[in-house]
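Colleague: Following the working numbering from start to finish, the sequence shown increments by one per residue and tops out at 290. Before I ask anything, let me first share the structure, which is written out below as structure tokens.
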Amino acid sequence: MINISDKWVDYKCLASGDGEKIEKWGSVILRRPDPQIIWNKSDSDIWNKWDGFYHRSNKGGGSWEFKRQLKEYWTVRYGDLVFKVSPTNFKHTGIFPEQAVNWEYVMNKIKSSNKSDFRVLNLFAYTGCATMAASLAGASEVVHVDASKGMVDWAKENMRLCGLENNKIRFIVDDVIKFLEREKRRGRTYHGIIMDPPSYGRGPNGEVWKLESNLKELLIKASDVLDDEYSFLLINSYTTGISPTSLHNILSLTFNNSNIETGEIGLPIEENNLVLPCGIYGRVSKD
Numbered sequence: 004m005i006n007i008s009d010k011w012v013d014y015k016c017l018a019s020g021d022g023e024k025i026e027k028w029g030s031v032i033l034r035r036p037d038p039q040i041i042w043n044k045s046d047s048d049i050w051n052k053w054d055g056f057y058h059r060s061n062k063g064g065g066s067w068e069f070k071r072q073l074k075e076y077w078t079v080r081y082g083d084l085v086f087k088v089s090p091t092n093f094k095h096t097g098i099f100p101e102q103a104v105n106w107e108y109v110m111n112k113i114k115s116s117n118k119s120d121f122r123v124l125n126l127f128a129y130t131g132c133a134t135m136a137a138s139l140a141g142a143s144e145v146v147h148v149d150a151s152k153g154m155v156d157w158a159k160e161n162m163r164l165c166g167l168e169n170n171k172i173r174f175i176v177d178d179v180i181k182f183l184e185r186e187k188r189r190g191r192t193y194h195g196i197i198m199d200p201p202s203y204g205r206g207p208n209g210e211v212w213k214l215e216s217n218l219k220e221l222l223i224k225a226s227d228v229l230d231d232e233y234s235f236l237l238i239n240s241y242t243t244g245i246s247p248t249s250l251h252n253i254l255s256l257t258f259n260n261s262n263i264e265t266g267e268i269g270l271p272i273e274e275n276n277l278v279l280p281c282g283i284y285g286r287v288s289k290d
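In structure tokens:
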């Protein structure tokens with residue numbers, strides 16, 4: 004099953020091919036590499052109409068080339084959510100637009116709940132798009148955890164852009180596993196947990212993270228802080244070695260007697276109506 008993020012107005016994937024995509028972010032057109040794009044590029048002149056082009060280096064990493072001076076950042080809107088966009092040194096922009104289908108899932112779960120005290124935990128929370136979606140939907144508290152102080156600061160900017168400064172959002176710079184262990188000792192629980200773990204990374208004190216090795220531990224520790232009356236656990240992954248079936252298996256073994264759904268997420272490609280695959284998801288719920 005593939006869920007497609009097709010409700011965007013301020014974002015479009017215009018074309019794709021030969022390991023690249025060209026996208027419109029508001030009024031800005033960016034050209035970026037994408038290893039999932041193994042099909043041929045068209046002859047359309049859209050490929051020459053970029054404002055920013057991220058060139059991949061043979062030695063790893065890469066750099067941006069700009070045809071015109073762009074603002075340090077600009078904003079895009081998704082429904083009532085407003086997010087900061089800025090080209091980073093590692094090709095990203097601060098938003099993964101395909102995640103909109105997951106934001107919709109989280110918002111619908113919170114809005115349909117009859118809980119007056121709906122607590123959400125967002126782990127590996129990056130720039131906080133899902134955090135803001137949960138808070139806007141009516142979560143009584145959202146706890147946002149990421150090992151990068153820079154990403155947490157970006158998330159705070161998104162909170163201000165969304166006008167959510169008066170909502171209860173806690174921002175924490177920490178290693179996710181250590182945070183979960185402390186929350187268990189405190190007896191803290193959550194009705195919804197969102198996780199977008201990286202394939203590989205390091206915590207604030209040099210802790211090494213590798214998804215294939217740490218996923219089982221992560222899920223067990225997350226289950227320890229799920230409330231008995233929980234609504235959902237959502238996990239997203241861009242790790243190419245993990246399939247939706249593999250994810251379904253480990254979720255089924257970890258969360259007995261729960262509803263499990265896994266699949267792909269993707270973006271529509273305007274030029275030819277193809278779908279750009281953008282990772283996998285797993286959803287655990289009681290209803």
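From the three backbone atoms N, C-alpha and C, an ideal C-beta is built for every residue, glycine too.
Between which two residues does the beta strand (DSSP E) harbouring Y14 extend?
Modeller: Run containing Y14: Y14 to G20, per the beta strand (DSSP E) assignment.
Colleague: Give the secondary structure of E168 by DSSP, where H, G and I count as helix, E and B as strand, and everything else as coil.
Modeller: Coil.
Colleague: Using beta-carbon positions only, say whether R71 and D13 come within less than 8 Å of one another.
Modeller: Contact flag unset, no.
Colleague: Relative to the C-alpha of A150, which residue among T134, K181 and N161 is closest?
Modeller: It is K181.
Colleague: Starting from W28, follow the beta strand (DSSP E) in both directions and report where the run begins and ends.
Modeller: W28 -> beta strand (DSSP E) spans E23 to W28.
Colleague: Any heavy atom of the ligand SAM closer than 7 Å to the beta-carbon of S115?
Modeller: As for the ligand SAM, it is missing from this structure, which has no ligand bound.
Colleague: So for H147, helix, strand or coil by DSSP?
Modeller: Strand.
Colleague: State yes or no: is the C-beta of V287 within less than 8 Å of the C-beta of L250?
Modeller: No, the pair does not count as a contact, with Cβ atoms beyond the cut-off.
Colleague: What does the alpha-carbon distance come out to for the pair G190 and G141?
Modeller: Cα to Cα, G190 sits roughly 23 Å from G141.
Colleague: Mind checking who S89 pairs with in its DSSP beta bridge?
Modeller: BP columns for S89 are empty, so no partner.
Colleague: Just to confirm, are V104 and N262 a CB contact at a threshold of 8 Å?
Modeller: Against a cut-off of 8 Å, the Cβ pair of N262 and V104 comes out as no contact.
Colleague: Given 8 Å as the limit, is there contact between the stretch 27 to 47 and the stretch 273 to 281, that is, 3 or more CB pairs closer than that?
Modeller: In short, these stretches touch, since the Cβ pair count reaches three.
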